[in-house]
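Number of protein chains: 2
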Amino acid sequence: MDVDARKLRILQAIVEDYILSNTPVGSRTLSKTCGLGVSSATIRNEMADLTEMGYLVQPHVSAGRVPSAKAYRLYVTQLRPRGMDEQEIERARKAFSGRVRDIESVISQGASAISDLTHYTALVLTPRQSDLKVRSLHLIPVASDRALLVIVTDSGVIRDTSIRVSSRLDASALYTIGQMLTHRMQGLTLRQVREMLYGYAANSDADARVLGGIADLAAQMEKQTESDRVMVGGAHNILYYPEYADVTTARAFMNALEDKSSLISLLRRTENGIGVMIGAETGIEAFRDCSVITAPYRVGRGHTGAIAIVGPTRMPYARMMDMMSMFSQELTGALSYKE
Amino acid sequence: MDVDARKLRILQAIVEDYILSNTPVGSRTLSKTCGLGVSSATIRNEMADLTEMGYLVQPHVSAGRVPSAKAYRLYVTQLRPRGMDEQEIERARKAFSGRVRDIESVISQGASAISDLTHYTALVLTPRQSDLKVRSLHLIPVASDRALLVIVTDSGVIRDTSIRVSSRLDASALYTIGQMLTHRMQGLTLRQVREMLYGYAANSDADARVLGGIADLAAQMEKQTESDRVMVGGAHNILYYPEYADVTTARAFMNALEDKSSLISLLRRTENGIGVMIGAETGIEAFRDCSVITAPYRVGRGHTGAIAIVGPTRMPYARMMDMMSMFSQELTGALSYKE
DNA sequence: GTTAGCACTCGCTCGCAATGAGTGCTAACA
DNA sequence: TGTTAGCACTCATTGCGAGCGAGTGCTAAC
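Residue numbers (my numbering), protein chains in the order written: chain V, 1315 to 1653; chain A, 1315 to 1653.
Written as structure tokens, this is what we have:
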């Protein structure tokens, strides 16, 4: 038995009805809304077939049908119903670009901007930074025994860390040391710089005596650069969906958002275009009834991060995919400095 | 009718029982637990008095009593039952100081550290920074037409912003400009610096031609420094309290957390020591059944921020006040650089 | 002032019947 | 062979009333 055109049409009508209503769809209403001009009995026959094929589920025998994950999958891959019109997109684009301008605001604002505009929970993955190449290093005096170390990389991305320094060093001495460090480390990756710092700390040569707390610094760099970082925004949006009216369910969802490492591995799977993971495809138990829409963004050349929204599988996919696609473009545009 | 010692003792027992059980407290259980050695009938008489005086509320006539906000207020101000012992405090202190080291981590980590350790929702108010005095300014080349402006203030607090600059300027030119700016602006407040930048942008004198996007920068500084900023952490903790098992209530709570300006005015009321606001005292409708415990922290000299936790009025006040007091000390310690 | 006793209140739970939306099946129809 | 009307059947949901029990207020005795 295959899914012919009529079955597809019925399935589409069911999915779209369910997305709006969140109640099982019955054959009678369907015969009126799907526009095929056939009676409810015919629809019933088709629905029985679709149920047998695993596209539909009935909560209980005398209820209507609910689309399964398989149905959403078919819906997303085979059908491309109305997304957002130009006006809507443009309005959202403006709202978004007003809030996210540079890499810092992506990290601090990105997730909440996306969640505000989509009304879903948003995730932002910052790209792993240990492969970035160092362009220059700078030491800026902050207090008598503290300096700010600023690392500029080839993507314009900046890592800054406050470190302890010998109190004998004044501003110009620190500037000179910065120049020296730049000279020595230019072109190396952040990972190599880190290894070098570990080396200094261990060997305690001239530079190690000048800079205190180098091991600390290297460790902190490792933490900040080696693992991707993920930001969550708008977690409370989930409370607006009746699927999560039960506190236990909502709690499980929120807890899943706390487990950063699983979110990171979820977002690492982001590929070039817009990605959609439905239900179990997410690989996260608490997201069994959720869908995740992912999109990549580029920082500088080649280093990619990812954004995502998470919400009930009952989601206006086309609209949200349009949204995410737009965010992806906007971010990449905002973050690519001209060289 | 006044609150004599026995009434106080009974009230205390009710509050503490209710904090643990979250169920109305009856006279029978109370006669056993309060340790007065009187019968339930006697307790009932006293409870009737306390109800009349507004310290107790009965949800319905055949239920036990529930402490009112007035009761919690009396409990907090007059009674000081067991807080945390030294060991507990010490363990929490370690966990906290491991996560919050400098002003940046207070902003990014503070709220979630506090919420993790208390299991309540945490708020962190960063101090207004426009009164800080500038110590030095630095320009660091990031890309051909971008530089990082770092402002070091007398509290060691750093404001950094990415700005557009003329592409004709190389690293050493930017360094020189930084020195010049430092020379000119040292000792001024951030507010004065901002005004000066606005002036440059308007008059378009020599320096304005050198630096592009000055007005942008000034506006951004204004936004970042003029208004206090507030961070929220662990909002989902509220879902663990049965008082918020209803999604509508939880949603109202979460929405209140989105209204930053009312949170700011809540936290601005923080005074020198640990503050406790109970129910309507918070002035926020959604926090009518919540209590807020606030504590100040100092950054450098004199500039104060505030931390707070928000949770159901049924809260182990003494323990939480101990906690907040410790956080306050730790933060102030971690953020006061030696001069 | 304290306590035992007792009638009373009222939220909560459980079982039961009525309701109604929706199904599957069958037989007739085009 | 596909479509449709008709009909018996299922089952979640709702409303209702009885029974339960925790807890109270009051009264009378200590």
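Glycine is no exception: its CB is placed at the ideal position from the N, C-alpha and C atoms.
With at least 16 other beta carbons inside 10 angstroms of its own, P1338 (chain V) counts as buried. CA-CA distance, R1449 (chain V) to S1650 (chain V), rounds to 16 Å.
With a cutoff of 8 Å on beta-carbon distance, T1503 (chain A) and D1445 (chain A) are scored as near each other. Within the region 1393-1445 of chain V, the runs of beta strand (DSSP E) that reach at least 3 residues and sit entirely inside it are, in chain order, 1435-1440. Per the C-alpha coordinates, the member of A:Y1434, A:S1639, A:K1384 positioned closest to N1551 (chain A) is A:Y1434. DSSP, read as helix, strand or coil, puts H1497 (chain A) in helix. Between R1505 (chain V) and chain A, the shortest Cβ-Cβ separation is not below 8 Å. Scanning its chain for C-beta atoms nearer than 7 Å, with the 5 sequence neighbours on each side dropped, one finds around T1432 (chain V) the residues I1623, M1634, M1637, in chain order.
For L1462 (chain A), a Cβ of chain V is located within less than 8 Å of the residue's own Cβ.
Among the CB atoms of chain V, none fall inside 8 Å of the CB of M1398 (chain A). Contacts between M1568 (chain V) and chain A, judged by CB atoms closer than 8 Å, involve H1550, L1553 in chain order. For the 8 Å CB-CB criterion, M1545 (chain A) and G1378 (chain A) do not form a contact. Leaving aside the five residues that flank M1591 (chain A) on each side, the residues in its chain whose CB is nearer than 6 Å to its CB run, in chain order, V1606. Rounded to the nearest whole angstrom, the CA to CA distance from R1612 (chain V) to R1583 (chain A) is 43 Å. As the crow flies, the alpha-carbon of L1577 (chain V) is around 17 Å from that of P1626 (chain V). Judged by DSSP secondary structure, Y1558 (chain V) falls outside any alpha helix (DSSP H); it is assigned neither H nor E. When 8 Å is used as the limit between beta carbons, A1559 (chain V) is near these residues of chain A: V1561, in chain order. The alpha-carbon of L1462 (chain V) is positioned some 17 Å away from that of V1507 (chain V). Cα atoms of T1343 (chain A) and G1368 (chain A): separation of roughly 21 Å, rounded to the nearest angstrom. Going by beta carbons, A1485 (chain A) and P1455 (chain A) fall inside the 8 Å limit.
Put simply, the CB of A1425 (chain V) is far from chain A, with every gap to its CB atoms at 8 Å or more. In its chain, beyond the 5 residues on either side, V1438, T1440, R1543, M1545 have a beta carbon closer than 8 Å to the beta carbon of I1421 (chain A). The alpha-carbon separation between P1556 (chain A) and A1436 (chain A) amounts to approximately 19 Å.
Secondary structure at A1457 (chain V): strand, using DSSP grouped into helix, strand and coil. S1650 (chain A) sits in coil when the DSSP states are folded into three classes, being neither helix nor strand.
Residue-level contact by beta carbon holds for V1466 (chain V) and chain A, with a gap shorter than 8 Å. Within the region 1573-1653 of chain V, the complete beta strand (DSSP E) runs of at least 3 residues fall at 1589-1592, 1604-1613, 1617-1626.
Counted as a single uninterrupted DSSP element, the alpha helix (DSSP H) harbouring V1329 (chain V) occupies residues 1319-1335.
Taken through DSSP and simplified to helix, strand or coil, H1374 (chain A) comes out as coil. In the DSSP assignment, T1347 (chain V) forms no beta bridge with any residue. With a contact defined as Cβ atoms closer than 8 Å, S1429 (chain V) and G1593 (chain V) miss out at about 21 Å. Beta-carbon to beta-carbon, R1565 (chain V) and L1581 (chain A) are separated by about 27 Å, too far to satisfy the 8 Å threshold. F1641 (chain V) places its beta carbon less than 8 Å from that of I1621 (chain V).
In the three-state reduction of the DSSP assignment, D1363 (chain A) falls in the helix class.
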